[in-house]
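Each remark here refers to the structure printed beneath this line.
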Amino acid sequence: QSVLTQPPSVSGAPGQRVTISCTGSSSNIGARYDVHWYQQLPGTAPKLLIYRNTNRPSGVPDRFSGSKSGTSASLAITGLQAEDEADYYCQSYDSSLSAWVFGGGTKLTVL
Amino acid sequence: QVQLQQSGPGLVKPSQTLSLTCVISGDSVSSNSAAWNWIRQSPSRGLEWLGRTYYRSKWYNGYAVSVQSRITINPDTSKNQFSLQLNSVTPEDTAVYYCARDVDRTDAFDIWGRGTMVTVSS
Numbered sequence: 002q003s004v005l006t007q008p009p010s011v012s013g014a015p016g017q018r019v020t021i022s023c024t025g026s027s028s029n030i031g032a033r034y035d036v037h038w039y040q041q042l043p044g045t046a047p048k049l050l051i052y053r054n055t056n057r058p059s060g061v062p063d064r065f066s067g068s069k070s071g072t073s074a075s076l077a078i079t080g081l082q083a084e085d086e087a088d089y090y091c092q093s094y095d096s097s098l099s100a101w102v103f104g105g106g107t108k109l110t111v112l
Numbered sequence: 008q009v010q011l012q013q014s015g016p017g018l019v020k021p022s023q024t025l026s027l028t029c030v031i032s033g034d035s036v037s038s039n040s041a042a043w044n045w046i047r048q049s050p051s052r053g054l055e056w057l058g059r060t061y062y063r064s065k066w067y068n069g070y071a072v073s074v075q076s077r078i079t080i081n082p083d084t085s086k087n088q089f090s091l092q093l094n095s096v097t098p099e100d101t102a103v104y105y106c107a108r109d110v111d112r113t114d115a116f117d118i119w120g121r122g123t124m125v126t127v128s129s
């Protein structure tokens with residue numbers, strides 16, 4: 002049971018838009034700690050996709066965007082491409098655990 | 008560019024100590040704006056942050072409560088690397104172990120090692 006809750010899977014056709022939610026609580030996202038998003042392709046390490054809720058590292062396409070409100074955050078992917086098929090994880094800090102915590106991950110399938 | 012190169016055994020016997028090393032290139036383990044982390048991933052526990060070491064005029068460590076009694080993370084400035092030791096391992100410690108950097112600018116894990124699959128089995 003992860004501290005941050007994500008849907009196990011989402012899917013969309015090429016060119017469509019999908020969103021992945023990340024729900025936390027008053028000790029992490031709701032306590033104004035930043036949310037970060039990672040993309041993990043099969044057999045590889047996670048790759049930073051969005052940092053501090055809305056920011057993209059250089060090299061990440063602007064098809065990826067993040068938002069945060071209250072105790073939740075979302076990752077949106079527009080113009081879906083086959084190469085976007087991967088696992089996506091949200092991450093934040095939890096003050097009651099004094100630890101960095103991750104969501105359980107969402108598997109994105111491009112139909 | 009910054010790279011992290013992991014090394015260590017892929018098989019550890021129950022009750023023994025898991026030891027991994029992460030060599031840093033392109034940055035310094037003594038950086039005043041970075042922290043050096045160990046994170047593991049398993050099907051049962053997902054991604055789990057284990058601990059970190061960082062330098063801010065002196066060395067600091069922080070560990071997850073779940074492993075606090077068994078874990079040590081040490082920097083080695085002479086080799087620009089940091090290490091993980093996890094004592095008294097059980098099969099539940101079987102996972103892919105990653106080293107990762109976080110920097111003040113992003114507050115996120117922006118650089119990851121390639122991962123080491125560690126199996127705890129006799």
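Chains as they are written, first to last, in my numbering: chain A, 2 to 112; chain B, 8 to 129.
Yeah, the Cβ is synthetic: ideal placement off N, Cα and C, and Gly gets one too.
No experiment lies behind these values; they were computed from the predicted model shown.
* Compute the beta-carbon to beta-carbon distance between valine 96 of chain B and valine 19 of chain B, rounded to the nearest angstrom, for a pair I have assumed lies under 8 Å. => 6 Å
* Would you mind giving the Cβ-Cβ distance between threonine 126 of chain B and glycine 17 of chain B, rounded to the nearest angstrom? I have them listed as a contact below 8 Å. => 6 Å
* Closest Cβ-Cβ distance between tyrosine 89 of chain A and chain E: below 8 Å? -> Structure shown: chain E not included; protein chains present are A and B.
* To do: On a CA-only basis, which of A:Arg18, A:Lys108, A:Lys69, A:Gln40 is nearest aspartate 117 of chain B? Give me that one, please.
  => A:Gln40
* Let me know if threonine 55 of chain A comes out buried or exposed under the rule of 16 or more other beta-carbons within 10 Å of its beta-carbon. => exposed
* To do: Compare the C-beta of proline 47 of chain A with all C-beta atoms of chain B and state if any pair is closer than 8 Å.
  => yes
* **Same chain only: Cβ atoms within 6 Å of asparagine 87 of chain B, ignoring 5 sequence neighbours per side** => Ile31, Val36
* **Classification of valine 36 of chain A by the beta-carbon crowding that lies within 10 angstroms, buried from 16 upward** => buried
* Kindly list, in the order they appear in chain B, the residues whose Cβ is closer than 8 Å to that of alanine 32 of chain A. => Near alanine 32 of chain A there are no residues of chain B at all, since even the closest Cβ is about 14 Å away, more than 8 Å.
* To do: Starting from the C-beta of serine 12 of chain A, find all residues in its chain whose C-beta is less than 6 Å away, skip the five residues before and the five after it, and write them out in chain order.
  => Thr110, Leu112
* Short CB-CB distance (under 8 Å) between phenylalanine 65 of chain A and chain B -> no
* Asked: Span of the beta strand (DSSP E) holding arginine 108 of chain B?
  -> 102-110
* Does the distance from the C-beta atom of alanine 100 of chain A to that of valine 72 of chain B stay below 8 Å? -> yes
* N- and C-terminal bounds of the beta strand (DSSP E) containing threonine 110 of chain A -> 107-111
* Asked: Which of the three DSSP states, helix, strand or coil, is assigned to aspartate 85 of chain A?
  -> helix
* Could you list the residues in the segment 82-104 of chain B with a C-beta less than 7 Å from some C-beta on chain A, going in chain order? => none
* Asked: At least one CB of chain B closer than 8 Å to the CB of arginine 53 of chain A: is that the case?
  -> yes
* Along the segment 103-124 of chain B, what residues have a CB closer than 9 Å to any CB found in chain A? -> Val103, Tyr105, Ala107, Asp109, Arg112, Thr113, Asp114, Ala115, Phe116, Asp117, Ile118, Trp119, Gly120, Arg121, Gly122
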